[in-house]
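Under the UniProt record's numbering, the first residue of the sequence shown carries the number 1, and numbering increases by one thereafter. One structure is given below, encoded as structure tokens.
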Amino acid sequence: MVHSKKCSLKRPAFSSSSAESTAKKSKDQPQMNVKEGIAESNIAQEIRPVICDFCLGEESRNRDGVFEKMLFCVDCAAKAHPSCMKYSKSLAKKALTYSWQCIECKTCAVCASAEDGDSILLCDACDKAYHMSCHYPKVKDNPDGNWVCESCLEDTLHAPHSPAEFKATTSENHQHSKHKGFNGETPGGQKNGSAFTNGLADEVLLKDSNFVQWTSTEVASYFGSLGFSKHASVFIKEEIDGRALLLLRRTDVISGLSLKLGPAVKIYKHILNLQSKNSPLNLMNGTS
Numbered sequence: 001m002v003h004s005k006k007c008s009l010k011r012p013a014f015s016s017s018s019a020e021s022t023a024k025k026s027k028d029q030p031q032m033n034v035k036e037g038i039a040e041s042n043i044a045q046e047i048r049p050v051i052c053d054f055c056l057g058e059e060s061r062n063r064d065g066v067f068e069k070m071l072f073c074v075d076c077a078a079k080a081h082p083s084c085m086k087y088s089k090s091l092a093k094k095a096l097t098y099s100w101q102c103i104e105c106k107t108c109a110v111c112a113s114a115e116d117g118d119s120i121l122l123c124d125a126c127d128k129a130y131h132m133s134c135h136y137p138k139v140k141d142n143p144d145g146n147w148v149c150e151s152c153l154e155d156t157l158h159a160p161h162s163p164a165e166f167k168a169t170t171s172e173n174h175q176h177s178k179h180k181g182f183n184g185e186t187p188g189g190q191k192n193g194s195a196f197t198n199g200l201a202d203e204v205l206l207k208d209s210n211f212v213q214w215t216s217t218e219v220a221s222y223f224g225s226l227g228f229s230k231h232a233s234v235f236i237k238e239e240i241d242g243r244a245l246l247l248l249r250r251t252d253v254i255s256g257l258s259l260k261l262g263p264a265v266k267i268y269k270h271i272l273n274l275q276s277k278n279s280p281l282n283l284m285n286g287t288s
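Below, the structure written as structure tokens:
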């Protein structure tokens, strides 16, 4: 066993005169006002513009050019306009009332865990996640179609509109409730704000390409180059070319392509990025 050498340095003696000198200096120096420091920090944050991870616009101007409050993930740096994620107005309003989590950080609202992802459901009315066994009452079978949690159902019973009207207000583009492989992971294993949207590869590939003219093979090749080599063949199988890609909705990707939730969400975000480049607003501004 190797023993460490004892340190030969001695701590300098702390005399009473030095203590008096230190006390005098600290007394003469102005004390920091904690409240003022916090206020200045808050002001600095307010001045710094907050950018949506999807459209790169601010709260004052979303993709449609109008003001829209953003959703901020409580666990990471992800932020987005609800409309950029195809949330309905009622869903966005509900999501803004609690500590929202992006899909990569989503955990069960009861046990706060993302484990056993195959049994996690997402409420189509509030976007909260629940394990089937954690939800009260327990959900015995995977729902076929949209699913609404008990809390939102209770709200519906006390609301002035009917359940039928409530069902109509849930976004048809919101992700399907029967989620296979929910684990909050991205293809690269990342879990942070930068992983929320990644348009770098899109920019590189789009410099000399018009994705609307792509064949299904080119679409598959594109997503393969983004790290989705295991999932890219689905675009050939489903004959999804560039024009079809332009029309894909959230539910089409999440529920219709037989993909696990993690890859499906990431793929859809790249699709959204492509679609935004071909939006009428971008075409008018010459940014497509």
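Note that beta-carbon positions come from the ideal geometry of N, C-alpha and C, so glycine has one too.
Buried versus exposed, by CB contacts within 10 Å (16 or more), residue i
i: S216; result: buried
i: L272; result: buried
i: E203; result: Reliability fails at E203, whose pLDDT of 43 lies under 50, so the model's placement of it is uncertain and no value is given.
i: K140; result: exposed
i: A77; result: exposed
i: A264; result: buried
i: residue 294; result: The question about residue 294 has no answer here: the residues shown for the chain are numbered 1 through 288.
i: R48; result: exposed
i: Y98; result: exposed
i: N210; result: exposed
i: D144; result: exposed
i: F228; result: buried
i: K269; result: buried
i: G65; result: exposed
i: E154; result: exposed
Integer Cβ distance of residue i from residue j, believed to fall under 8 Å
i: C126; j: C152; result: 5 Å
i: A95; j: D53; result: So it is not a contact: roughly 15 Å between Cβ atoms.
i: residue 308; j: L246; result: The first residue shown for the chain is 1 and the last is 288, placing residue 308 beyond what the model contains.
For residue i, three-class secondary structure by DSSP
i: C108; result: strand
i: L247; result: helix
i: C80; result: The question names Cys, yet the displayed sequence has Ala at residue 80. A80 falls in the strand class under three-state DSSP.
i: Y130; result: strand
i: F54; result: coil
i: L272; result: helix
i: I120; result: strand
i: L71; result: strand
i: E59; result: coil
i: L91; result: helix
i: K277; result: helix
8 Å Cβ cutoff met for residue i and residue j
i: A219; j: L259; result: Here the sequence assigns Val to residue 219, which means Ala is not the residue at that position. Result no, Cβ atoms of V219 and L259 do not sit closer than 8 Å.
i: R250; j: K93; result: no
i: C111; j: H131; result: yes
i: S90; j: R63; result: no
i: S119; j: S133; result: yes
i: D116; j: W147; result: no
i: I267; j: V253; result: yes
- Is it a yes or a no for the region 99-108 touching the region 238-249, going by three-plus beta-carbon pairs under 8 Å? no
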